[in-house]
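Undergrad:
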Amino acid sequence: MQVQGIDQNVLQTSSSYQHVKAAAEGAKFSELLKTAQQNMKQAAATGTTMSAAEQKKLKDACTGFEAMFMNLMYSKMRDTVPEDSLFGDSNSDKILQSMLDTEMMNTAAKAGGMGLADMLYKQLARQQTSIAVQTTKK
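Okay, so the sequence shown: first residue is 0 according to numbering that gives the first Met the number 0, each after it adds one.
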């Protein structure tokens, strides 16, 4: 069946346009694939796609979270100990004890703590790598 009014040149032009469009999309996909492969190689080599500054910030945030968690836990444990009425328990003593506990838990977290900061760091760095790879796919 032949359709009246459609010139062969129009059909050839349409066909060549589709061919060029398909080639361009293939090239774009190829470039995205190469970029993703490079990012994956970098992620595999370094364990993450984050810069050194971002890694340090994440590590510091995880350590700070662990220190805060341990301080809260330690203060709740201290609340269970009965107060000593022999020497008195003034408000200034409570403040001093709270400051001492906070610094002690910050030091403990920086020294390795319970391992919570390391687990958080590994999980969040892995998620960051996953997000970086997904954004390169788009």
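Virtual Cβ for every residue (Gly too), placed ideally from N, Cα, C.
When the distance is taken between beta carbons, is E65 closer than 8 Å to L115?
TA: The answer is yes: Cβ separation under 8 Å.
Undergrad: So what does DSSP say about A124, is it helix, strand or coil?
TA: A124 falls in the helix class under three-state DSSP.
Undergrad: What would DSSP say about G63, mapped onto helix, strand or coil?
TA: Looking at G63 - three-state DSSP - the assignment turns out to be helix.
Undergrad: In whole angstroms, what is the alpha-carbon distance linking Q127 and M49?
TA: Computed Cα separation, rounded: 8 Å.
Undergrad: Determine the direct distance from the alpha carbon of A52 to that of D117, and round the result to whole angstroms.
TA: Rounded to the nearest angstrom, the two C-alpha atoms are 17 Å apart.
Undergrad: Taking C-alpha atoms, which residue in Y120, D92 and N90 lies nearest to T62?
TA: That would be Y120, whose Cα lies nearest to the Cα of T62.
Undergrad: Please check the pair N70 and T101, which I expect to be a contact at CB under 8 Å, by giving their CB distance rounded to whole angstroms.
TA: Contact flag correct, Cβ pair sits at about 5 Å.
Undergrad: Given that a residue counts as buried once 16 or more other Cβ atoms are within 10 Å of its Cβ, and exposed if not, what is A108?
TA: Classification of A108: buried, given that the 10 Å Cβ count is 16 or more.
Undergrad: Given a cut-off of 8 Å on the beta-carbon distance, is the pair M113 and Y73 in contact?
TA: No, Cβ-Cβ distance for M113 and Y73 is not below 8 Å.
Undergrad: Are A143 and L57 touching if we call contact CB-CB under 8 Å?
TA: Absent from the model: residue 143. The displayed extent of the chain is 0 to 137, so no value can be given.
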